[in-house]
Amino acid sequence: MLSSVAQQAKDLRQQLKAVFPLCKFRVRSSNYSMGSSIRVSWIDGPTVAEVDAIASGYESIRRDEGSGEILSGGNRYVHCERRFSIAVFEAAVMTVCRDWGVEPVPPVVCGPSEFSSPHIPHEVNPQRVGGGVKDLQWLVMDYLAERSFYPVQEVDEEGDRGGGGAGEAEVSVLKPGSPWNASAPHATAADLQAVEVVENHAKDGFELFFPGKPDPATRQLLRACGFRPGKKKSGDRSGQWFWYAKRTEGTTEFVLGLTG
């Protein structure tokens with residue numbers, strides 16, 4: 001039979017899976033002499049605030065009725081830790097550097113362990129960016145903390161069925177290529193420089209066309225930023241694979257990073 005905290009951790013994992021089925025959560029429980037704890041960790045995906053809104057319901061903390069101070073013993077704490085893939089972190093570094101005018105873009109490193117997080121090495125981490133008090137690593141983490149990378153967009157293919165289709169109407173091709181993607185240190189850069197970005201006004205979204213199959217790092221970045229693969233069913237591009245996403249603040253910012 002599972003202990004009380006282990007059962008709570010199991011229930012929490014199941015609820016997170018039901019709400020965010022495409023995100024893999026690691027949920028671990030611990031017992032100690034004065035109480036227990038549950039730790040939740042994941043990569044990219046939803047924000048800490050989104051997960052904590054669910055996880056906090058599994059917390060049990062005793063407080064003094066008068067002062068509100070936490071009483072010792074018998075408490076169950078829940079801790080949420082979000083880490084980032086190197087592809088998402090690199091994209092964030094490039095975006096923040098572009099927005100703050102930081103040049104050159106510093107490299108990103110990550111240890112071999114699955115628990116390692118990508119980061120900017122201290123010796124190349126710009127300090128007091130923009131004349132402020134924050135360094136670049138801090139600004140990047142602030143940027144990432146506010147953004148959900150959980151893929152929620154779904155393709156609406158109704159407009160692609162039949163002759164012409166409403167989904168093929170009124171598109172504008174945006175010019176690809178910019179310092180933002182040209183400075184990417186991995187193979188992702190070659191894909192992002194070659195991509196054709198199409199703004200689909202009829203579906204209020206973006207479509208990305210690559211000359212070939214994007215490399216794994218690029219596909220990971222696209223999914224993290226809310227894009228999904230699809231195949232055109234009609235029009236001049238019938239049969240061609242592409243990546244699509246609805247227009248949101250996040251996808252718009254990503255596309256602006258591609259097009260300058």
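According to full-length UniProt numbering, the sequence shown holds residues 1 to 260 in order.
For every residue, glycine included, the Cβ atom is placed at its ideal position computed from N, Cα and C.
Original post:
Alpha carbon to alpha carbon, how far is Tyr-77 from Phe-149?
Top reply: For the purposes of this step, residue 77 is taken as the residue at position 77 of the sequence shown. For the purposes of this step, residue 149 is taken as the residue at position 149 of the sequence shown. One C-alpha to the other measures close to 26 angstroms.
Original post:
Is Arg-28 closer than 8 angstroms to Ala-53 when the C-beta atoms are compared?
Top reply: Residue mapping note: residue 53 aligns to position 53 of the sequence shown, counting from 1. Residue mapping note: residue 28 aligns to position 28 of the sequence shown, counting from 1. Taking 8 angstroms as the Cβ cut-off, Ala-53 and Arg-28 do not qualify as a contacting pair.
Original post:
From Leu-136 to Glu-146, what distance separates their C-alpha atoms?
Top reply: Numbered from its first residue, the sequence shown carries residue 136 at position 136. Numbered from its first residue, the sequence shown carries residue 146 at position 146. Rounded to whole angstroms, Leu-136 to Glu-146 spans 16 angstroms at the Cα level.
Subject >> Residue environment, Lys-232, which counts as buried when at least 16 other CB atoms sit within 10 Å >> reply: Here residue 232 refers to the residue found at position 232 when the sequence shown is read from its first residue. Buried: at least 16 other Cβ atoms inside 10 Å.
Original post:
What residue ranges within the region 11–97 form continuous beta strand (DSSP E) runs of no fewer than 3 residues, ordered along the chain?
Top reply: As for any beta strand (DSSP E) of minimum length 3 sitting wholly inside the region 11–97, the runs are 26–32, 35–43, 75–83, ordered along the chain.
**OP:** Check whether the Cβ atoms of Ser-85 and Gln-220 sit closer than 8 angstroms, and answer yes or no.
**Re:** Here residue 85 refers to the residue found at position 85 of the sequence shown. Here residue 220 refers to the residue found at position 220 of the sequence shown. For Ser-85 and Gln-220, yes; Cβs fall inside 8 angstroms.
Original post:
With 16 as the cutoff for other CB atoms within 10 Å, does Arg-82 come out buried or exposed?
Top reply: As a position in the sequence shown, residue 82 is number 82, starting the count at 1. Buried, because 16 or more other Cβ atoms sit within 10 Å of the Cβ of Arg-82.
Original post:
By DSSP, does Tyr-244 sit in helix, in strand, or in coil?
Top reply: Taking the first residue of the sequence shown as position 1, residue 244 is located at position 244. Three-state DSSP puts Tyr-244 in a strand.
Subject >> Nearest to Phe-89 (by Cα), restricted to the options Gly-73, Cys-110, Glu-69, Ile-70 >> reply: Your numbering for residue 89 matches position 89 in the sequence shown. It is Cys-110.
Original post:
So which of Ser-67, Phe-25, Pro-46, Leu-16 has the shortest CA-CA distance to Gly-57?
Top reply: Indexing the sequence shown from 1 puts residue 57 at position 57. The residue with the shortest Cα to Cα distance from Gly-57 is Leu-16.
Subject >> Alpha carbon of Gly-73 to alpha carbon of His-79, nearest angstrom >> reply: Within the sequence shown, the letter at position 73 stands for residue 73. Within the sequence shown, the letter at position 79 stands for residue 79. Each residue's alpha carbon lies about 17 angstroms from the other.
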